[in-house]
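A short write-up of the structure that comes next.
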Amino acid sequence: MAPRLQLEKAAWRWVETVKPEEIRLEHIELAYRVNLPACKRATCRRNCKGNPNCLVGIGEQAWLGDIDENAFHNIDDPNSERRDKNTFVGLTNLGATCYVNTFLQVWFHNLELRRSLYQCHNSRAQEHNIESDYEPQSICEHLQYLFALLQNSNRKYIDPSGLVKALGLDTGQQQDAQEFSKLFLSLLEDTLSKQKSPNLQNVIQRQFCGQFSYVTVCNQCGRSSALPSRFYELELNIQGHKNLTECVTEFLKEEKLDGENRYFCESCQSKQSATRRIKLHNLPPTLNLQLMRFVFDRQTGHKKKLNTFISFPEQLDMGPFLEGKEDQKCVYELSAVLIHRGISAYSGHYIAHVKDARTGDWYKFNDEEIEKMEGKKLQLGTEEDIAETVKSQARKPKCSKGYHCSRNAYMLVYKVQEEENADPSMTNVEVPAFLQRLVDQDNHKFEEWCCEMADMRKQSVDKGKAKHEEVKELYELLPAKDGEPYEFIPLDWLKKWLEDSPSTTEIDNSLFLCSHGKLHPDKVADSKRVSLQAAQLLYDRYSGGPRLDARLTTSSKLSRGEGANFERCVFTNSSSLCRECVSQRCRVLRLKNQLNEDFKEITNLVKRTLSGEGYWVSKSSLRSWRQLALEQLEEDEHETKHNNGQINGQGPHNNSKEFGSELSEGNEDEMKTFNEDIVCCHGGLSILETERKLVSSEVWTKLREYFPKAPEFTQNKESCQQCLTLEQEEKDNEAVSKMMALDQKNQLLNLFHEKNRPTLAKWPEDTDVLYIVPLYFVDEWRKFIRRPTKSSPVSNVGNTLLLCPHGGFMFTYDSLINGDAQHVALLWPSEWEVISRLFIVDQPISIHCFKQTTLSGPTTPYTTQPDLCWECRESFLFQQQRDLREYTQATIYIRKVLEDQRMIKEAAPELNASSSEAEEEKEEHPKMDGEGDPDFSQSQDGAKRIKLDDSSTASAAVLPVTNMTKLGGIRRSTRHRKLRGEKALIVSANQTLKELKIQIMHAFSVAPFDQNLSIDGKSLTDDSATLGSLGVIPESIICLKADEPIADYDAMDDVYQVSMPEEGFKGTGLLGH
């Protein structure tokens, strides 16, 4: 099928030869494209939007043919959430709680701990009514219930949020797994110690607690002293070691105490050199070995992970490391390996490999996912093959049989080897009846949920099958056959219907109607012609309207005048094909063709010399009359499209240089009605003769055909008298303003040109008093003097702007010298006399100089009239300082310096500065006070001045206006000019210095521990202090000196991960809060 644009042109090609009054049925059907051939599925790849008969590619492909039932729903099989036979239950990761899940799985597989927990007294669970949800309270109750679900739940995984919430853990923040293990076992031991049964009170100690002692031997007298201690895990240093044996050997090795670290010997009664080592005495049944992968780096101030390989055996003989007690079992079997994926200590993922004590099978526990290892063997290879962004990737060493090697293992759990004839019942742990009742309640809920999901799936499938039959039935009926009744249905609705969208509602045709309540010809492309039978079925099932049916009949009649016999359309009341719109479009299209000829003719007629009576026409309207004609016609017929003139209309100025030069282009876009812009506000002819042009009566007659309602002004029509009167009054007022401005300028010539201005820094010798007015008054007065006809005259001097509510002056002599002079202008007494005479002054303000001679020498005190209001002055300064300390989203600049503390290429401006600014930097003129002020600007006459800004808080010294004049005619930029090596950052006053260092790290790639920051020569060192307290204000420049970077990529990665101080488990239930 031809493209949409070609179809649209073909639908209206007949208008070239047919007048609107000659339109017949065949023309209307051509306009609505009724007779276009329908597309076939095999030949049409996608739907032809320009063809209402194309019903291919609207979504029918999904319904034709056989359909899999799963396509009718998006509900997963509820049985996929069911626990597989002979496997374990997973735990949901609540965000960053994978470290919790790994330890819970390891402790669950400790059968003695699980059995003991089941024996804990729990009256709440025993008395619980199964009609309500069970909510554990204590840690023991949570762990009891969680272990019972892990053992006998029908779910594939369960939610540990109850326990996590009881512990007060932040589910979005990953914590130190080793620290969690220690704190949780300590909390559990404390909780179990309150049980009545002695076996339960000591279960943690019996399972995990061993004994060692610190033995110190004096080198002088040989005295040996031992300090016994208990341990729940052995923390083994792995740095510099390759296997577990080396780590344990270093843990027990002898340490020398000498120098400042000497030992105080009780026998010698003095500090003596000594040796100290750890002696292992008793080992627990469950031996936890913490591999210290996460260590504190003193250089970076952060934790880092040691990604080194450590090999460890499946069977560990601790006999060689044990002191005495030869009858103690010393051979251990590996039962769990806890893994941390990732190179950073602050991110990554935790999983656990755990051995089933009953079957000897190994399982990998990864939150919700549980994988059984093949052949009852531990398989760590997949954990070590993960792509890691380590700078130097170490090769995995080869491991002997019975050994494993890992760079990610951070905890090893060994259990003492049981005898072969051990009691098999010890491996069976039964869930108590009171807990099993709660598990059964949860399983019942799960089964109900599965049934509900299955019912929803069935309902969706049944609905889909019904829809499938409906579509197959109706799609065959959709095509409208020639000569049979038909209707139009929106294409979008058909697509939603075929998509089986939930948003498929009733059929809405309201947006497709023209102003006559019928189908708009332009909407044919967005609708489809369907058979009346199919439309009736769709409306019966989905309702909607108004219906767009087309039932036309024809009759043969004689058209008098031309003697031609032609068909005329007889429209039934229910017809949706609009003859009025087709006729209107016919007129518009014919008009567009006629416009081209009329346009050329009018353009030529305008160029001719006017003879006879003429008519006034707006130049702007004359330039765009063709566009206006099309718009006017479409607006009259309630059309909303206005692009015809843009596509086809070219203004007369494009073809006529003479005419084009006379017309301005100011208000073409605003023009709505022809000739309206030469009608004044009183309804008469505008007095602006430059905006109108005389045209001949022949031109006006042609224009009048297109704009019958346009205002008509003959050549003899006089301009509006009211406008002429107002114009004369305005000219008289302008003359008065010019005279006033000239008089004021002559009397205050030096003030206007900023010449011979008094200064406070060097008080004039010939006067003891100067007067003060707001700089705003002087600026507004100068504007009036320069452009008296465009600016309003100044009548008042508002000195109350410079006074407090009590009528006191707000500035001191010193403050005026040191910056506040930017708000005021100084006047000579003679100038003040003129100001007082010409303007209304609400309150005179003056500053007086009294020269005195005292014993210590001559002094010059200064006073103001009115006097200074100290109370308001102090309040003003306090608020000013407060504003500098309480900002948000302000800009500061970080400037990187070299080793010798010099700025990087200080003389060279940033590349984004303009070339003129770069040239200005090279000027040798001395830099004046106030040049860096953002309010420093240049007036139109070349004189520099300071703008009054009520919100200005600049602290730089600004001298009076006289010092700002004439610097070789050079204009300087008013914005901060960045240098190379300098970057802008957005900060807030309550932001800490540590947070700023993180921003600087991202901007300059300099780690926080390598940053030395200073402002105005003062070092910034307190990372916890806020920027406001450190004196960092908006537009501040902070110097950055970078130390030599540490070649530790892991540490750099850790710093990128941490933007806030680490708080660990502070505030959680693990610390008793």
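For the sequence shown, the positions run 65 to 1137 when our numbering is used.
Where is the CB? At the ideal position from N, CA and C, for every residue including glycine.
All values reported here derive from a predicted model rather than from experimental measurement.
Query                                                                                                                         : Result
Alpha helix (DSSP H) segment containing W892, residue limits                                                                  : Counting along the chain, W892 falls outside any alpha helix (DSSP H), and DSSP gives it neither H nor E.
C-beta atoms of H206 and G226 nearer than 8 angstroms                                                                         : yes
V594, enclosing alpha helix (DSSP H) - first and last residue                                                                 : First-last for V594: 591–595, but that is the beta strand (DSSP E), not the alpha helix (DSSP H).
Minimum Cβ-Cβ distance from V359 to chain B less than 8 angstroms                                                             : Considering every chain present, this structure includes no chain B. It has just one protein chain.
Status (buried if at least 16 other CB within 10 Å, exposed otherwise) for I711                                               : Caution applies to I711, whose pLDDT of 30 falls short of 50 and renders its modelled position unreliable; the model cannot decide the point.
Distance CB(A599)-CB(E540) smaller than 8 angstroms                                                                           : no
Bridge partner(s) assigned by DSSP for K335                                                                                   : F328
Close beta carbons around L249, own chain, < 8 angstroms, minus the five adjacent residues each side                          : I268, F272, Y296
In chain order, each beta strand (DSSP E) run of at least 3 residues that lies wholly inside the stretch 246–317              : 274–282, 288–295, 298–300
Three CB pairs or more closer than 8 angstroms across the stretch 142–154 and the stretch 509–526                             : yes
DSSP-derived helix/strand/coil call for V905                                                                                  : strand
Beta carbon of H413 nearer than 8 angstroms to that of L444                                                                   : no
Close beta carbons around N99, own chain, < 7 angstroms, minus the five adjacent residues each side                           : E93
Three-state class that DSSP yields for N346 in the structure shown                                                            : strand
Rounded straight-line distance, which links the Cα of M520 to that of Y209                                                    : 31 angstroms
Residue burial classification, L575 (beta-carbon count within 10 angstroms, cutoff 16)                                        : exposed
R362 burial status per 10 Å Cβ neighbour count (16 or more: buried)                                                           : exposed
Nonlocal neighbours in the same chain, by C-beta distance under 6 angstroms from F167, ignoring five residues either side     : S245
Sequence-distant residues of the same chain with beta carbon closer than 7 angstroms to T255, five excluded per side          : S202, I203, C204
Selection from F940, N860, S684 that minimises the alpha carbon distance to L867                                              : F940
Residues near A75 in its chain [Cβ-Cβ closer than 7 angstroms; skip 5 each side]                                              : L94, A95, R97
DSSP three-state assignment for I122, whether helix, strand or coil                                                           : coil
Presumed contact (8 angstroms Cβ cut-off) between R219 and F510, rounded CB distance                                          : 6 angstroms
Rounded straight-line distance, which links the Cα of L890 to that of R756                                                    : 52 angstroms
Neighbourhood of G424 by C-beta distance below 6 angstroms, restricted to the same chain and skipping five residues each side : K440
Reference G871, options S900, P930, Y474, N882, closest by Cα                                                                 : P930
Status (buried if at least 16 other CB within 10 Å, exposed otherwise) for V401                                               : buried
Opposing strand residues paired with G608 [DSSP bridges]                                                                      : I571
Paired residues, beta bridge with D381 - DSSP                                                                                 : V395
Among Y327, P554, D546, nearest to G609 - alpha-carbon criterion                                                              : P554
Supposed close pair L641, K582 - CB separation, criterion 8 angstroms                                                         : 7 angstroms
Buried versus exposed call for E665 [16 or more other C-beta atoms within 10 Å across all chains shown]                       : exposed
Where the alpha helix (DSSP H) through Y182 begins and ends                                                                   : 175–182
DSSP-derived helix/strand/coil call for S524                                                                                  : helix
Assigned secondary structure, V646 (DSSP; H/G/I helix, E/B strand, else coil)                                                 : helix
Enclosing alpha helix (DSSP H) for A75 [first to last residue]                                                                : 68–75
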